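All letters in the sequence shown, in the order written, are residues 2 to 352 by my numbering. The C-beta atom is built at its ideal place from N, Cα and C for all residues, glycine as well. None of these values were measured; they are calculated from a predicted model.
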Amino acid sequence: MKIATTSLLNEVFLPYRIICRGFGRSLRMLNPIIFYSLGTFVLVVGIVGWMGNLLIIYVFFRSKHFHRTKNVLTLNLAITNALMCVATVPTFVASSFSRKWIFSDTVCQMTGFMAGWFGTQSICTLAAIALDRCIAITLPMTGKLSRGRRAIISIVVVWLWSLVWCLPPFFGWNKWSMQKYQTGCTFNYLSDNTFQRWYIMALTLAVFVLPMVVMIVCYYAIWRAARRSTLALKGMMDLGSFQNLPKKRRNVDVHTAKVGVLVTLLFILSWTPFAIVALIGWAGYGHVLTPLAGAIPAAIAKMSVVVNYVVYAALMPDFKRGLREVLPWMPGSGPRRQRDMTSRCASVEHS
């Protein structure tokens with residue numbers, strides 16, 4: 002066990018000797034097992050993520066329960082995740098099993114651009130969902146009157162905002178280039194040019210830090226609003242009547258807080274490693290990053306296509322009801338009337 006751990010640490014931190022095209026820095030090739038392991042991992046994640054997000058899209062357009070205005074942003078999240086799987090997973094997997102980039106420079110640039118565009122869209126959509134739910138719960142009248150229009154505007158803003166931050170590399174501010182592990186492409190976070198490096202900081206602030214702050218603030222506001230509602234309801238009723246309320250309704254504040262914390266933590270766990278690697282390169286310490294130090298965060302970030310599906314669809318009562326509607330052969334839990342009543346109660350909490 003000690004030998005295996007030492008070998009892994011050596012892969013991450015020891016100096017390297019082979020020159021990697023596009024960076025001009027000394028590298029040491031990864032162990033073939035690491036290439037195959039990363040390729041297999043990303044292949045599984047890509048297949049599961051692609052199928053899961055296609056299922057969300059299918060259920061949205063076929064089910065009257067899930068085809069609702071409040072789920073439009075979830076649909077956009079599924080579309081961007083599915084596109085990310087199609088655009089980035091095949092080249093990464095093929096190159097991993099070949100242990101080198103086997104496509105042209107043009108494919109490298111386009112793959113890097115699409116990974117960046119769809120990835121930032123996914124992050125910004127998570128923030129838009131948090132903001133939409135926050136407005137719907139804390140400002141219910143405004144949320145009911147304009148939620149459809151707000152969802153469309155949010156999608157347009159998300160697509161344009163992410164596009165604005167992914168186009169500069171094509172016009173000289175940074176560039177899309179090969180990563181150290183030579184199986185994927187992204188923006189060049191190892192540049193020595195000060196002007197190029199500031200793009201990394203601006204990008205991180207615009208499409209990582211800002212969405213994370215929005216999610217934290219919105220879910221905290223949701224928790225506070227839910228807690229105030231519960232306390233107000235409890236104050237208007239005697240203790241016996243309050244204890245007779247459905248358990249889900251009495252614990253709405255706790256449940257909302259848990260969902261918010263879960264969403265935020267999964268977001269941070271998926272994208273923080275890659276953001277840290279980029280900031281290390283921005284700070285001028287790119288020489289300490291080995292191929293493995295860049296490959297692992299990139300693979301972890303791809304897990305977001307599965308994480309988002311689980312959190313925003315598989316746990317949504319509307320989606321479960323829609324899934325039973327379009328795929329009735331799937332086993333349910335409990336009598337249909339009881340399932341529908343539970344779904345309606347839970348839908349109020351998640352709206």
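Beta-carbon contacts of residue i that lie in its chain and below 7 Å, excluding the five residues immediately before and after
| i | result |
| --- | --- |
| VAL307 | VAL46, VAL49, GLY50 and GLY53 |
| VAL208 | THR121, ILE124, CYS125, SER163 and TRP166 |
| LEU55 | ALA83 |
| PHE268 | LEU127, MET213 and MET216 |
| TRP160 | GLN122 |
| GLY23 | For GLY23, the predicted structure reports a pLDDT of 40, less than 50, and the residue's modelled location is therefore unreliable. A value from the coordinates is still provided. Closer than 7 Å at Cβ, skipping near neighbours: SER178 and MET179. |
Residues near residue i by beta carbon distance below 8 Å, same chain, minus five either side
| i | result |
| --- | --- |
| ALA226 | ILE138 and THR139 |
| THR81 | PHE119, GLN122, SER123 and THR126 |
| VAL278 | TYR190, LEU290, ALA294, GLY295 and PRO298 |
| VAL210 | none |
| VAL262 | TYR220 |
| PHE62 | HIS68 |
Residue i, enclosing alpha helix (DSSP H) - first and last residue
| i | result |
| --- | --- |
| PHE320 | 318-327 |
| ALA294 | 292-303 |
| GLN357 | There is no way to answer for residue 357, as the model of the chain reaches only from 2 to 352. |
Residue i, enclosing beta strand (DSSP E) - first and last residue
| i | result |
| --- | --- |
| THR187 | 186-188 |
Rounded distance between the beta-carbons of residue j and residue i, thought under 8 Å
| i | j | result |
| --- | --- | --- |
| ASP43 | PHE114 | Residue identity differs from the one stated: residue 43 is Val in this sequence, not Asp. The pair is not a contact, with the Cβ atoms about 19 Å apart (cut-off 8 Å). |
| SER96 | ILE103 | 6 Å |
| ARG198 | TRP330 | Going by Cβ atoms, the distance from ARG198 to TRP330 rounds to 55 Å, so no, they are not a contact pair. |
Cβ-Cβ distance between residue i and residue j below 8 Å
| i | j | result |
| --- | --- | --- |
| VAL60 | VAL327 | yes |
| ARG150 | ASP133 | no |
| ALA129 | LEU206 | no |
| THR265 | MET216 | yes |
| TRP177 | PRO170 | yes |
| ILE58 | ALA79 | yes |
| PHE67 | GLY323 | yes |
| LYS65 | ARG148 | no |
| PHE188 | GLY117 | yes |
| THR107 | CYS186 | no |
| PRO318 | LYS181 | no |
| CYS86 | MET179 | no |
Residues near residue i by beta carbon distance below 6 Å, same chain, minus five either side
| i | result |
| --- | --- |
| ALA222 | CYS135 and THR139 |
| PRO274 | PRO298 and ILE301 |
| ARG251 | Only weak support is given to the placement of ARG251: the predicted model assigns it a pLDDT of 43, under 50, and the question is left unresolved by the model. |
| LYS101 | GLN183 |
| VAL214 | none |
| ILE201 | TYR190, ALA279 and TRP283 |
| GLY40 | VAL94, SER97 and PHE98 |
| ASN77 | THR126 and ILE156 |
| ASN175 | PHE188, ASN189, GLN197 and TYR200 |
| SER105 | none |
| TYR310 | GLY53 and ASN54 |
Minimum Cβ-Cβ distance from residue i to chain B less than 8 Å
| i | result |
| --- | --- |
| VAL306 | Among the protein chains of the structure shown there is no chain B, as only one such chain exists. |
Any non-hydrogen atom of the ligand COA within 7 Å of residue i CB
| i | result |
| --- | --- |
| ALA299 | The ligand COA is not part of this structure, which contains no ligands at all. |
Would you list, in sequence order, the uninterrupted alpha helix (DSSP H) runs of no fewer than 4 residues that lie entirely inside the stretch 126-181? 141-167
Hey, which unbroken runs of the alpha helix (DSSP H) at 4 residues or more fall wholly within the stretch 40-118? 73-99
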